[in-house]
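Peer 1:
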Amino acid sequence: SGPVTLLAIESSCDETSCAISRDEVILSNIIAGQAVHEQYGGVVPELASRAHMQNIVPVVDAALKKAGVSISELTAIAFTQSPGLIGSLLVGSQFAKSLAQALDIPLLSVHHMQAHVLANLIVPASAARSAASSPVASTSTAASPGPASPASREAARPSFPFLCLTVSGGHTQIVLCHSPLKMEVIGETLDDAAGEAFDKSAKLLGLPYPGGPLIDKYAREGDAGRFPFPEPQIPGLNFSFSGLKTAILYFLQENVAKDAGFVAANLPDICASIQGRIISILLNKYRKAARETGVTDLCIAGGVSANSGLRKAFGEMGRNNGWNTFIPPFEYCTDNAAMIAITGYYKYLAGEFAPLSVSASARAEW
Ligand code: KG4
Ligand code: ZN
């Protein structure tokens with residue numbers, strides 16, 4: 006049998022995305038964001054599902070065009086079945102089911118959080134192209150092992166078992182990954198997600214939504230040791246961020262009461278201190294997880310893995326302990342359909358197909 010060509014759809018929150026893959030290689034990954042939510046300071050579910058309905062056909066069209074694939078070449082359709090906003094999931098799942106039925110090809114239902122983890126196994130088309138052309142490249146005298154060379158790409162993928170810290174606007178989990186389809190959540194947040202901790206802190210500082218990237222930006226010029234926010238003492242490998250949010254709220258109220266210009270005058274130090282504490286909460290538990298499991302290949306995924314302070318501290322933690330660290334390219338960290346495609350591919354290989362009667366679900370077990 007020939008290569009497995011998948012069309013994958015992700016619509017769990019506020020990005021409409023479609024990817025086309027051939028085996029483990031991503032040929033295209035189109036993502037349409039939804040600017041409509043900015044003015045509300047967060048994602049409005051009803052507006053999100055309407056925007057998905059408007060976006061889905063053009064996004065699917067663009068993904069097929071960019072990949073140079075026609076629908077008659079598709080082997081199967083993969084889609085995000087859960088978890089997420091139900092109205093948003095329904096648009097993607099109905100579209101995927103209709104397409105699978107119309108083309109009479111199998112359907113693959115994917116768990117969004119499992120997909121974030123497997124984003125670490127994606128082979129981007131650029132790496133696959135350079136692998137195909139490597140015999141030519143290696144005969145050239147000046148050939149250097151660039152980042153896209155097949156050997157370094159191989160080295161850039163974690164081996165099983167590996168751990169993944171998934172940090173997004175909706176989730177914070179430590180996952181022990183035994184094989185592509187066998188994963189265990191060994192730690193998770195008891196309240197807010199790490200991305201929410203960033204965004205809610207930013208809101209308290211008067212910054213627009215989503216504030217995570219802005220805290221990151223100001224933190225670069227600040228002193229993280231200036232305002233020591235408390236670190237919660239949570240047993241085991243679980244996280245909690247709600248205490249930090251409350252501590253920041255009281256800290257700001259107290260200081261602004263004394264000096265109305267406090268935030269403006271100290272923004273970089275406040276941001277650096279908040280970010281530093283979020284990072285230490287995350288990495289102290291991640292370090293503990295690595296020690297307890299003895300696993301030495303560690304990944305991070307999700308939108309918060311874009312944070313420059315987290316990336317730096319994560320790399321340092323790896324070097325200090327002799328662990329290998331992996332971060333997917335940014336476009337595969339935030340919500341995207343490429344990660345749905347790679348997960349669908351492993352499900353296809355395992356023969357785990359979904360019936361057309363499968364329905365989307367806001368919450369679901371692994
Ligand atoms: O994975 P993602 O795109 O969507 C969800 O599934 O939630 O994650 C979005 C989250 C937001 O909370 C956003 O503020 C955060 O990722 N984020 C960041 C940075 N870039 C995105 N947080 C901190 N620093 C960043 N550079
Ligand atoms: Zn996500």
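With full-length UniProt numbering as the guide, the letters of the sequence shown map in order to residues 6 to 371.
From the three backbone atoms N, C-alpha and C, an ideal C-beta is built for every residue, glycine too.
#1: Measuring only from the beta carbon, is S173 closer than 7 Å to any heavy atom that is part of the ligand ZN?
#2: How would you call A343, buried or exposed, if buried means at least 16 neighbouring beta carbons within 10 angstroms?
#3: Is it right to say S22 is buried, meaning 16 or more other beta carbons lie within 10 angstroms of its own, or is it exposed?
#4: Classify A107 as buried or exposed, calling it buried when 16 or more other Cβ atoms lie within 10 Å of its own Cβ.
#5: With DSSP run on the structure shown, which of helix, strand or coil describes Y351?
#6: Just checking D340 against the ligand ZN - is the residue's beta carbon closer than 7 Å to any of the ligand's heavy atoms?
#7: Quick check: what's the CA-CA separation for P233 versus I220?
#8: Hey, L181 and M188: beta-carbon distance below 8 Å or not?
#9: If you measure between the beta carbons of P185 and Y351, is that distance less than 8 Å?
#10: At a cut-off of 7 Å, is G97 close to the ligand MG when judged by its beta-carbon and the heavy atoms of the ligand?
#11: Tell me the rounded alpha-carbon separation between G320 and A72.
#12: By Cβ distance below 6 Å, which residues in the same chain neighbour R158 in space, the five residues on each side in sequence not counted?
#13: Tell me where the beta strand (DSSP E) around H183 begins and ends.
#14: State the Cα-Cα distance for the pair V96 and V64, rounded to the nearest angstrom.
#15: DSSP puts S16 in a beta bridge; with which residues?
#16: Which two residues bound the contiguous beta strand (DSSP E) that contains D302?
#17: By DSSP's criteria, C23 is part of a beta bridge. Which residues make up the other side?
#18: For the putative contact between C18 and V41, defined by C-beta atoms under 8 Å, what is the C-beta separation to the nearest angstrom?
#19: Any contact of the segment 115-134 with the segment 204-221, i.e. 3+ C-beta pairs under 8 Å?
#20: In terms of alpha-carbon separation, which member of E236, V261, P215 lies closest to Q44?
#21: What is the DSSP secondary structure of S87, counted as helix, strand or coil?
#22: Three Cβ pairs or more, each shorter than 8 Å: is that satisfied between the segment 164-176 and the segment 258-265?
#23: Please list, in chain order, all residues of the same chain as A101 whose beta carbon is under 7 Å from its beta carbon, the five residues on each side excluded.
#24: Should Q39 go down as buried or exposed, given a rule of 16 or more other Cβ atoms within 10 Å for buried?
#25: Return yes when the C-beta of H183 is under 7 Å from any heavy atom of the ligand ZN, and no when it is not.
#26: Give the DSSP-derived three-state secondary structure of I253 in the structure shown.
#27: Quick check on residue 4: buried or exposed, where buried means 16 or more other Cβ atoms within 10 Å of its Cβ?
#28: Is any non-hydrogen atom of the ligand KG4 found closer than 7 Å to the C-beta of D109, if you look at the structure I gave you?
#29: Determine the burial state of N312: buried for a count of at least 16 other Cβ atoms within 10 Å of its Cβ, exposed for fewer.
#30: Tell me where the beta strand (DSSP E) around G323 begins and ends.
#31: Confirm, please, whether the CB-CB distance from A207 to P235 is below 8 Å.
#32: If we define contact as Cβ-Cβ less than 8 Å, is H183 a contact residue for chain B?
Peer 2: Walking through what the data contain:
#1: yes
#2: buried
#3: buried
#4: exposed
#5: helix
#6: yes
#7: 16 Å
#8: yes
#9: yes
#10: This structure lacks the ligand MG; its bound ligands are the ligand KG4 and the ligand ZN.
#11: 33 Å
#12: Only weak support is given to the placement of R158: the predicted model assigns it a pLDDT of 43, under 50, and the value that follows is read from those uncertain coordinates. A132, listed in sequence order.
#13: 177-184
#14: 13 Å
#15: Per DSSP, none; premise fails for S16.
#16: 302-306
#17: I14, I35
#18: Incorrect: roughly 13 Å between the Cβ atoms, too far for contact.
#19: no
#20: P215
#21: strand
#22: no
#23: I14, I82, F84, L112
#24: buried
#25: no
#26: helix
#27: For residue 4 there is no data in the structure shown, the boundaries of the chain being 6 and 371.
#28: no
#29: buried
#30: First-last for G323: 313-326, but that is the alpha helix (DSSP H), not the beta strand (DSSP E).
#31: no
#32: Here there is only one protein chain, and chain B is not present.
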